[in-house]
Amino acid sequence: MTHLHDARPAAATAPLSKTQIAARVAADIAPGSYVNLGIGLPTLVADHLAPGSGVTLHTENGMLGMGPAPDPDDVDPDLVNAGKIPVTELPGASYFHQADSFAMMRGGHIDVCVLGAFQVSATGDLANWSTGEPGAVPAVGGAMDLAVGARRTVVTMTLLTKDGSPKLVERCTLPLTGVGCVSRVYTDLAVLDVGPDGARVVETFGTTHDELETLLGLTLGRTS
Amino acid sequence: MTHLHDARPAAATAPLSKTQIAARVAADIAPGSYVNLGIGLPTLVADHLAPGSGVTLHTENGMLGMGPAPDPDDVDPDLVNAGKIPVTELPGASYFHQADSFAMMRGGHIDVCVLGAFQVSATGDLANWSTGEPGAVPAVGGAMDLAVGARRTVVTMTLLTKDGSPKLVERCTLPLTGVGCVSRVYTDLAVLDVGPDGARVVETFGTTHDELETLLGLTLGRTS
Amino acid sequence: MSRTVLARDPLDAIGDVADGATVMIGGFGPAGQPVDLVEALLEQGATGLVVVSNNAGNGEDPLARLIRDGRVARMVCSFPRQVDSWHFDAAYRSGAVELELVPQGNLAERIRAAGAGIGAFYTPTGYGTPLAEGKEHRRIDGVDHVLEYPIHADLALVRADRADGAGNLVYRKTARNFGPVMAAAARRTVAQVREVVPTGALDPEAVVTPGIYVDAVVEVAAPLPARTTEARA
Amino acid sequence: MSRTVLARDPLDAIGDVADGATVMIGGFGPAGQPVDLVEALLEQGATGLVVVSNNAGNGEDPLARLIRDGRVARMVCSFPRQVDSWHFDAAYRSGAVELELVPQGNLAERIRAAGAGIGAFYTPTGYGTPLAEGKEHRRIDGVDHVLEYPIHADLALVRADRADGAGNLVYRKTARNFGPVMAAAARRTVAQVREVVPTGALDPEAVVTPGIYVDAVVEVAAPLPARTTEARA
Numbered sequence: 214m215t216h217l218h219d220a221r222p223a224a225a226t227a228p229l230s231k232t233q234i235a236a237r238v239a240a241d242i243a244p245g246s247y248v249n250l251g252i253g254l255p256t257l258v259a260d261h262l263a264p265g266s267g268v269t270l271h272t273e274n275g276m277l278g279m280g281p282a283p284d285p286d287d288v289d290p291d292l293v294n295a296g297k298i299p300v301t302e303l304p305g306a307s308y309f310h311q312a313d314s315f316a317m318m319r320g321g322h323i324d325v326c327v328l329g330a331f332q333v334s335a336t337g338d339l340a341n342w343s344t345g346e347p348g349a350v351p352a353v354g355g356a357m358d359l360a361v362g363a364r365r366t367v368v369t370m371t372l373l374t375k376d377g378s379p380k381l382v383e384r385c386t387l388p389l390t391g392v393g394c395v396s397r398v399y400t401d402l403a404v405l406d407v408g409p410d411g412a413r414v415v416e417t418f419g420t421t422h423d424e425l426e427t428l429l430g431l432t433l434g435r436t437s
Numbered sequence: 214m215t216h217l218h219d220a221r222p223a224a225a226t227a228p229l230s231k232t233q234i235a236a237r238v239a240a241d242i243a244p245g246s247y248v249n250l251g252i253g254l255p256t257l258v259a260d261h262l263a264p265g266s267g268v269t270l271h272t273e274n275g276m277l278g279m280g281p282a283p284d285p286d287d288v289d290p291d292l293v294n295a296g297k298i299p300v301t302e303l304p305g306a307s308y309f310h311q312a313d314s315f316a317m318m319r320g321g322h323i324d325v326c327v328l329g330a331f332q333v334s335a336t337g338d339l340a341n342w343s344t345g346e347p348g349a350v351p352a353v354g355g356a357m358d359l360a361v362g363a364r365r366t367v368v369t370m371t372l373l374t375k376d377g378s379p380k381l382v383e384r385c386t387l388p389l390t391g392v393g394c395v396s397r398v399y400t401d402l403a404v405l406d407v408g409p410d411g412a413r414v415v416e417t418f419g420t421t422h423d424e425l426e427t428l429l430g431l432t433l434g435r436t437s
Numbered sequence: 007m008s009r010t011v012l013a014r015d016p017l018d019a020i021g022d023v024a025d026g027a028t029v030m031i032g033g034f035g036p037a038g039q040p041v042d043l044v045e046a047l048l049e050q051g052a053t054g055l056v057v058v059s060n061n062a063g064n065g066e067d068p069l070a071r072l073i074r075d076g077r078v079a080r081m082v083c084s085f086p087r088q089v090d091s092w093h094f095d096a097a098y099r100s101g102a103v104e105l106e107l108v109p110q111g112n113l114a115e116r117i118r119a120a121g122a123g124i125g126a127f128y129t130p131t132g133y134g135t136p137l138a139e140g141k142e143h144r145r146i147d148g149v150d151h152v153l154e155y156p157i158h159a160d161l162a163l164v165r166a167d168r169a170d171g172a173g174n175l176v177y178r179k180t181a182r183n184f185g186p187v188m189a190a191a192a193r194r195t196v197a198q199v200r201e202v203v204p205t206g207a208l209d210p211e212a213v214v215t216p217g218i219y220v221d222a223v224v225e226v227a228a229p230l231p232a233r234t235t236e237a238r239a
Numbered sequence: 007m008s009r010t011v012l013a014r015d016p017l018d019a020i021g022d023v024a025d026g027a028t029v030m031i032g033g034f035g036p037a038g039q040p041v042d043l044v045e046a047l048l049e050q051g052a053t054g055l056v057v058v059s060n061n062a063g064n065g066e067d068p069l070a071r072l073i074r075d076g077r078v079a080r081m082v083c084s085f086p087r088q089v090d091s092w093h094f095d096a097a098y099r100s101g102a103v104e105l106e107l108v109p110q111g112n113l114a115e116r117i118r119a120a121g122a123g124i125g126a127f128y129t130p131t132g133y134g135t136p137l138a139e140g141k142e143h144r145r146i147d148g149v150d151h152v153l154e155y156p157i158h159a160d161l162a163l164v165r166a167d168r169a170d171g172a173g174n175l176v177y178r179k180t181a182r183n184f185g186p187v188m189a190a191a192a193r194r195t196v197a198q199v200r201e202v203v204p205t206g207a208l209d210p211e212a213v214v215t216p217g218i219y220v221d222a223v224v225e226v227a228a229p230l231p232a233r234t235t236e237a238r239a
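Residue numbers (the numbering used here), protein chains in the order written: chain A, 214 to 437; chain B, 214 to 437; chain C, 7 to 239; chain D, 7 to 239.
Quick look at the structure:
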């Protein structure tokens, strides 16, 4: 893992934008990794992977070696990503069926999976598929497989909801996607590691360790 | 199922040769069937399938559309059957890996599997992989998968061992390959159906129903 | 070779479908959706269907209209909610359609298990979540697993790119998705293909669905658009 | 793209193999056997190995010599007995090698399960036979099933026809056999191929083993004969 944040001191003095969060995630992805990017904010990570990094993107609807969006004239309805958005094929790509594709994910072959979240618990539980509203039409897609299948699952999200409630919590109140599956959370205010020993601050952006503890109402460890 | 034995009255008055047993099996295979032939006597069945019958042969080492042995000059070490004997590829063939190949067999997609046997019980238990000799090197191959996976498993064998003991028995004394998996047994002296209701004579060759019962020490049903 | 039938048209291809049948429909959103076969199913008339498909229809596509018309009693899928899944949304809220929500990898693996003769399997996916409530579980090598059962079907409708006379199929790009596992999981499989080529014209090394899994093939050179909007007025 | 390494020679390709490692060896008899990689394993020297392979060596081929030299503590295979498996036969009879005999379909499916993250599965194969003795079983839909667990490995040695720079593999005819499932089941996979082609030269629709499963590739244009008889001077 390469921590490129030292090269971007500005990031440490102000909250990160979504683009900066995506860049921060990308900086942690080792060259040559096989990566699956969830829908939404995680998709932006692709834009920040260095061309020479040799990172290969997996899309769970059946492809390795996924490239960026095509020119509007080159859209192929048979070539889409997990969000059903048109994509392209890079040299060295391969196609496979849905069971083989999820076998690849569930068998621990994907190095890093980047997901969005509604809530993450200090011990790494993830809630990202259901807001739990009664009457809402539920949909889960590949979220549960992605969460527990990758070698390392990380989350990108804002640290607070729009009304200011923490998304990093002692215990998730929303329906779970997976138990103890998240390793690291990348947010606008901080990067935190989560796991059996609780949450630990890796880095802060425009805030301090103590302010974060107050904001989240959690005791946070420090990475040495 | 077409019973061609009416066209060959000679067969009914004398025990069948191995070739005739193979022909008798072939006559029961419906046009268009997908068939797996075990090693040994079952392999001979292929020679008796009418060219226009549209029967497709499966070999569990990863191929559908297997053709006959090649000319000696055209042997390809990458193209062998389950007995590791060189074979050929027919138009419309396909290759797949071992798990996909056994999924095809185990998922009930093969219409007929023809196997050899040491013993078959009246209720359709099969013993064909081990003579149970102490110290012998055991080997099972695909026998157990083939026995229980096909839609219909039939056996070809001589009805008696070389020393005159019946191979169709009340209960197998040799290690089992599968329980209740055999539907029909084709032998030199008779064709018999086996299953939950016991053995029933379908046809005799050079012997009678009563003689068979004495020979086998079994009460045999009659097919109406 | 083989007994795969080349059908005249989609309606001929799907044949008789009984009320209450379980029908698998390939596709991941519009990619790989056998639109013309589902349109034929609409016309054919079977009702009380159990539909197994990753999604539950987009806009006015034929699967959406099957649901709108009350022909689907139950959907088994991973992602029914789409921006334009209004017919499913309404049927779900009114209770007209029952939903079995399945994580996508479990959906694919359960369909694969049906085709492969697996009686059940343990997977970590879903453990500790509402979707595993009431299911058997066990800890294997320190990881909690849920027991999942195969999903069989009476009929699978899939879309491929090319077929040969033996029923072998090849797909195109990510339109492959659920086709191969569904073809193997159903008692009867019908494939809509862009082109039928002579037996022997497909590379045996590149066949994705061997003909043994395909009962009928129909060539549809110009398929219906994937998100067909029905003429209204 | 990818981190698959192109090795100079078979010994470089297999790298360090620890004593006691579990090594999967592809092939169905001689077809698809990675002879040069197994020869390199002989040379490399690791001992106390657990070898997972359909067969247990023919004649004086390198797998047979691994067994002859006492390097294999345990064989996991479906069909060890061959007309020319004299080294295995002797080692088995003397108790020098332990044998786990597995029905071939269970072997393939257990290897597949390891690669696919399946914790265990129920199969009818083997029920009521000596090979299922002591195993858990349950009746599902009226059919008796046996519970089988995945087979993982530290290293898989496979043989394919061609590889590209991303490590994608295509095989040749029935030499494909165990290669694809073994490549996915091992922590490290090494492929011996006839030819390495530039990335982009393999049809993405026809790739059988995606490069994600392949850690090192070595080109062996003229492989050792499959049933190598060692010179005995």
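Built from N, CA and C at the ideal position, the CB exists for glycine as well. Quick caveat, the model's predicted, so the values are computed rather than measured.
Mind checking whether P156/D and A120/D have CB atoms under 7 Å apart?
Closer than 7 Å, so yes.
List, in chain order, every chain B residue whose beta-carbon is nearer than 7 Å to that of D160/D.
Within chain B, no residue comes near D160/D; the closest Cβ sits about 20 Å away, beyond 7 Å.
For M317/A, does the three-state DSSP call read helix, strand or coil?
Residue state, collapsed to three classes: helix.
Can you confirm whether D291/A, when its beta carbon is compared against all beta carbons of chain C, has any partner nearer than 7 Å?
True, the Cβ-Cβ gap to chain C drops below 7 Å.
Taking the alpha-carbon positions, what's the D338/B to C385/B distance?
Roughly 7 Å between the two C-alpha positions.
Could you name the residues of the same chain whose beta carbon sits closer than 6 Å to that of R238/C, not counting the 5 residues immediately before and after it, in chain order?
Legend: pLDDT at R238/C = 35, less than 50; position of this residue unreliable, value from coordinates given subsequently. Excluding positions up to five away in sequence, the list is empty.
Thinking C-alpha only, which one of I242/A, D260/A and D313/A is nearest T232/A?
When each option's Cα is compared against that of T232/A, the closest is D260/A.
According to DSSP, what are the bridge partners of Y399/B?
Note: Y399/B sits in a beta bridge opposite T369/B and V404/B.
Where E424/B and L389/B are concerned, what is the direct C-alpha to C-alpha distance, given to the nearest angstrom?
If I take the Cα positions, the gap works out to 28 Å.
Using the rule of at least 16 other Cβ atoms within 10 Å of the residue's Cβ for burial, across every protein chain shown, is H422/A buried or exposed?
Result: exposed.
If you follow the alpha helix (DSSP H) that D22/C is part of, which residue opens it and which one closes it?
It is not in any alpha helix (DSSP H) - D22/C carries neither H nor E in the DSSP assignment.
Relative to chain B, which residues along the stretch 62-88 of chain D have a C-beta separation below 7 Å, given in chain order?
Of all residues in the stretch 62-88 of chain D, S84, F85, P86 and R87 have a Cβ within less than 7 Å of some Cβ in chain B.
Look at the Cβ atom of L230/C, then the Cβ atom of D42/C, and state whether they are nearer than 7 Å.
Yes; because the gap between Cβ atoms is below 7 Å, this pair is in contact.
Taking the alpha-carbon positions, what's the F418/A to F331/A distance?
Between F418/A and F331/A, the C-alpha separation is close to 21 Å.
Per the contact definition of three or more C-beta pairs closer than 8 Å, is the stretch 186-200 of chain D in contact with the stretch 24-38 of chain D?
As far as the Cβ criterion goes, the stretch 24-38 of chain D touches the stretch 186-200 of chain D, which means the pair count is three or higher.
Kindly give me the distance between the Cβ atoms of R200/C and G38/C, rounded to whole angstroms, as I take these residues to be in contact under 8 Å.
Wrong, their Cβ atoms sit about 12 Å apart, outside the cutoff.
Flag G253/A as yes if its beta-carbon sits less than 7 Å from any beta-carbon of chain C, otherwise no.
Not closer than 7 Å to any Cβ of chain C, the Cβ of G253/A fails to qualify, so no.
Considering only residues of the stretch 225-270 of chain B, which uninterrupted alpha helix (DSSP H) runs meet the minimum length of 4 residues and lie entirely inside it, listed in chain order?
As far as the stretch 225-270 of chain B is concerned, its whole alpha helix (DSSP H) runs of at least 4 residues are 231-240.
Quick one: is D358/B buried, meaning 16 or more other Cβ sit within 10 Å of its Cβ, or exposed?
D358/B comes out buried.
Can you list the residues of chain D that S307/A reaches, using a CB-CB cut of under 7 Å?
Correct list: N174, P210, V213 and P216.
Residues of chain D with CB closer than 8 Å to the CB of H151/C, please, in chain order.
In chain order: G125 and A126.
Would you grab the beta carbon distance between Y308/B and E211/C for me? Rounded to a whole angstrom, and I think it's under 8 Å.
Sure, about 6 Å apart at Cβ, within 8 Å.
What does a CB cutoff of less than 8 Å around V213/D pick up in its chain, not counting 5 residues either side in sequence?
Excluding residues within five positions, the ones whose Cβ falls inside 8 Å are N174, L175 and V176.
Suppose you measure from the CA of L161/C to the CA of S378/A; what does that come to, to the nearest Å?
The straight-line gap from Cα to Cα measures roughly 48 Å.
Can you tell me whether G121/C is helix, strand or coil according to DSSP?
Three-state DSSP puts G121/C in a helix.
Looking at chain A, is there any beta carbon in it that lies within less than 7 Å of the beta carbon of G111/C?
For G111/C, the answer is yes, since a Cβ of chain A falls inside 7 Å of its Cβ.
Can you find the residues in the same chain that come closer than 6 Å, C-beta to C-beta, to A314/A, ignoring five residues on each side of it along the sequence?
Here residue 314/A turns out to be Ser, not Ala, going by the sequence shown. Excluding positions up to five away in sequence, the list reads E273 and G275.
For my contact list, M279/A and N294/A are in at a C-beta cut-off of 8 Å; report their separation, rounded to the angstrom.
The Cβ separation is near 6 Å, so the contact holds.
Tell me whether E66/D sits in a helix, a strand or coil according to DSSP, three-state version.
Three-state result, E66/D: coil.
List the residues of chain D that E302/A touches, going by C-beta distances under 8 Å, in chain order.
By Cβ distance, chain D contributes P210.
Can you give me the C-alpha to C-alpha distance between R14/C and V224/C, rounded to a whole angstrom?
The alpha-carbon atoms of R14/C and V224/C are separated by roughly 7 Å.
So if DSSP puts V327/A in a beta bridge, which residue, or which two residues, is it bridged to?
In DSSP, V327/A forms a bridge with L250/A and V367/A.
Roughly how many angstroms separate the alpha carbons of G96/D and P40/D, rounded to a whole number?
The question names Gly, but residue 96/D is Ala in the sequence shown. About 24 Å.
Use the C-beta contact count for T344/A: other C-beta atoms within 10 angstroms, 16 or more gives buried, fewer gives exposed.
With fewer than 16 Cβ atoms within 10 Å of its Cβ, T344/A is classed as exposed.
Report back the beta-carbon spacing between T366/B and C394/B to the nearest angstrom; my notes put them in contact at under 8 Å.
Between C394/B and T366/B the Cβ distance is about 5 Å, and since that is below 8 Å, they are a contact.
At what residue ranges does the stretch 76-127 of chain C contain a whole run of the beta strand (DSSP E), taking only runs of 3 or more?
78-83 and 104-107, all fully within the stretch 76-127 of chain C.
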